[in-house]
Ligand SMILES: Nc1ncnc2c1ncn2[C@@H]1O[C@H](COP(=O)(O)OP(=O)(O)OP(=O)(O)O)[C@@H](O)[C@H]1O
Ligand SMILES: [Mg+2]
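Residue numbers (my numbering): 4 to 298.
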């Protein structure tokens, strides 16, 4: 097969692992830099070029789109979808997963457990909203990543001034109950093709509440309960993702999903669990493309 990986840097761990894993299985792996791509739509139809060459004979595209270029990345994926190239995570599913509030709305609508979360857009409504989630609260930019844009506010006053400041910067945000019983611990579940392929615990460093490895968190392999697996699989299914990294807080009453990542990193999960997640993704592509060729 001829498989494209949409990634800005071929030296990134995840991109490198996917390329080498695909080549090991005999595939023609190409790394396409979204920053080099020119998208065009005209009466002649659609055209996508990189370095002046048309990009049109791939069996599959594996998106590795960073948070900083979501819109451009989604436009590229829509091009491939509209020109009948199979895309591993669809443009719609990625767009949904990149908006933390929309994600939680979709999950809550399907009774997937999530922390109590509110969203408002005027100072008049902040206090009533904050009453609903209590304090402390977690305030999040809708499309932050790696723990950036995730703020803990200890008091109602702090929460109000933080939200109003973000609004003054033109940023929308969500306000979420701080799940104290998580004590800086969460679980990252890696799902591929409707199957949990690996999971890791993450523990925040001293004095930090965010367990992200990019914020100094430490990790260890996780054994999930049946309920935790079920919730992670359901969350991924509802968002329509084939590959996802589901972040869950673990409480005595069960797991709470905080977000679903559509381009989850491979380094943390592979080095922590020893699982060959890249191969799981490539075999998922083989199965999907194989099925499509039969129909
Ligand atoms: N409601 C909450 N209560 C307690 N801790 C929380 C809550 N929400 C988030 N956290 C902590 O903050 C971390 C970052 O939050 P979240 O996953 O929403 O943001 P992120 O920056 O998008 O992360 P990623 O890099 O996974 O995309 C979580 O991994 C968790 O440790
Ligand atoms: Mg996260």
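Beta carbons are placed, not taken as given, at the ideal position from N, Cα and C, and that holds for glycine. Please read all numbers here as calculations on a predicted model, not as lab measurements.
If you draw a straight line from the Cα of residue 58 to the Cα of residue 279, it is about 29 Å long. The C-beta of residue 67 has 16 or more other C-beta atoms within 10 Å across all chains shown, which makes the residue buried.
For residue 234, the enclosing alpha helix (DSSP H) stretches over residues 229-242. In the three-state reduction of the DSSP assignment, residue 180 falls in the strand class, which pools E and B.
Here the stretch 237-256 lies against the stretch 193-212, with 3 or more beta-carbon pairs under 8 Å apart. Distances from the CB of residue 148 to the heavy atoms of ligand 1 include at least one below 6 Å.
Residue 204 is bridged by DSSP to 190, 223.
With contact defined as three or more Cβ pairs closer than 8 Å, the stretch 204-217 and the stretch 158-177 are not in contact.
DSSP, reduced to helix, strand and coil, places residue 113 outside both helices and strands of the structure shown, so it counts as coil.
Under DSSP, residue 63 takes part in a beta bridge, and its partners are 6, 89. Taking C-alpha positions only, residue 135 is separated from residue 18 by approximately 42 Å. Measuring C-alpha to C-alpha distances from residue 115 to each of 21, 255, 231 identifies 231 as the nearest. Annotated as distal: residue 91 and residue 265, with beta-carbon spacing of 7 Å or more. Counting only the Cα atoms, residue 261 lies some 15 Å from residue 202. With a threshold of 16 other beta carbon atoms within 10 Å, residue 30 meets it and is buried. Straight through space, the alpha carbons of residue 96 and residue 227 are spaced by roughly 25 Å. Secondary-structure assignment with DSSP links residue 247 through a beta bridge to 194. In this structure, the CA atom of residue 198 is about 42 Å from the CA atom of residue 171. Secondary structure of residue 74 (DSSP, three-state): helix. If the five residues before and after residue 154 are omitted, its C-beta is found closer than 8 Å to the C-beta atoms of 141, 142, 143, 165, all from its own chain and listed in chain order.
Judged by DSSP secondary structure, residue 129 falls outside any beta strand (DSSP E) and instead within the alpha helix (DSSP H) spanning 126-136. Per DSSP, residue 143 lies in no alpha helix (DSSP H) segment; the continuous beta strand (DSSP E) that holds it begins and ends at 140-144.
Rounded to whole angstroms, the gap between the alpha carbons of residue 256 and residue 250 is 16 Å. At least one heavy atom of ligand 2 lies closer than 6 Å to the C-beta of residue 250. Straight through space, the alpha carbons of residue 64 and residue 235 are spaced by roughly 24 Å.
Judged by the Cβ position, residue 270 fails to qualify as a neighbour of ligand 2 at the 6 Å threshold, every heavy atom of the ligand being at least this far. Residue state for residue 121 is assigned as strand, using DSSP reduced to three classes. Between residue 7 and residue 26, the CB-CB gap reaches or exceeds 7 Å. Using a cutoff of 6 Å, the CB of residue 231 does not count as near ligand 2, since none of the ligand's heavy atoms is closer than that.
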